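Residue 17 is where the sequence shown starts when you use our numbering, and the numbers rise one by one after that. Heads up, the beta-carbon is just placed ideally off N, CA and C, and yes, glycines get one too. None of these values were measured; they are calculated from a predicted model.
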Amino acid sequence: VPAAAGRAVTARPSVRDGWGAVRGSTRARAALTVLLAAHTAMVAVMSMTPLHLQHVAGATAGGPGFLTVVGFTISLHVAGMYALSPVMGWSADRFGGGPTAVGGLVVLLAAVAFAGLGQGSITTVTIGLVLLGLGWSAATVAGSALLVEAVPPARRVTAQGLSDALMSGAGALGSLAAGLVMGWSGYGVLNVVMAVLVGGVAVHAGRALRGGHRTRG
């Protein structure tokens, strides 16, 4: 028997396979949309906040504490992103991935509202950044769980890889667009743009994920 005949031929899953699996499921498409919107909004606002805080700190305190202000704000933001990840996972398990993901988008809306409407206050912007991290965490943890749950087991790795790649691209584009919006219209308008994006996705995802089951029994 030829050696080739004795080996099982196993086709490696491709990115195209992952995309086909996501495209074929309404829930998977909604989950991917949630992930991309949440990541775009988070990166766009976070990347421009240090520049905005430099302006605010310079206008209100002569700028000597700028690095401390930015360091403290971004540290709280990163803590919001990761410190409560287990809680977000528990919420997705207990209440369902759909409600948790949409809830994360609602928190992101609150975040851009705080940061945009309170842009003249370092404290209010900091609160907005903390909420930005928390909303991103909830949307990302629950959205990822929804995505892999909605595709066949054989396509879960490629679907997650596709999601990670698209999120990285969305973050890069979001940061680039944020710089342009910031330069043209300022920090407040940037937050309005992100509110429109996140709000639209929240409505869409809420409809697409309605009636979904919990991620575990």
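Euclidean distance between Cα positions of residue i and residue j
i	j	result
S91	A44	32 Å
P168	A181	19 Å
G202	V72	12 Å
G199	M64	10 Å
L147	A126	7 Å
R226	L163	15 Å
R110	R171	25 Å
G105	M183	19 Å
V128	V103	22 Å
G151	L196	24 Å
G36	I138	45 Å
V50	P66	25 Å
V59	A194	9 Å
L83	H93	15 Å
P115	Q70	37 Å
A166	M62	30 Å
L145	A117	18 Å
H55	H68	20 Å
F130	L178	32 Å
L48	Q176	9 Å
R32	Y98	31 Å
CB of residue i within 7 Å of CB of residue j, strictly
i	j	result
T140	G134	yes
A95	A161	no
G113	A158	yes
G34	T156	no
V214	A53	yes
A46	L121	no
L124	A57	yes
G119	A154	yes
G204	G132	yes
Span of the alpha helix (DSSP H), counted from its first residue to its last, around residue i
i	result
L133	G113 to L133
V175	In the sequence as displayed, the identity of residue 175 is Ala instead of Val. Its alpha helix (DSSP H) spans residues R172 to S201.
V157	I138 to A166
Below-7 Å beta-carbon distance, residue i vs any chain D residue
i	result
L182	The chain labelled as chain D is not found in the depicted structure, where only one protein chain is given.
Can you find at least 3 beta carbon pairs, one from the region 87-102 and one from the region 177-193, that sit closer than 8 Å? no
Give a yes or no on contact between the region 34-43 and the region 208-215, applying the rule of three or more CB pairs nearer than 8 Å. no
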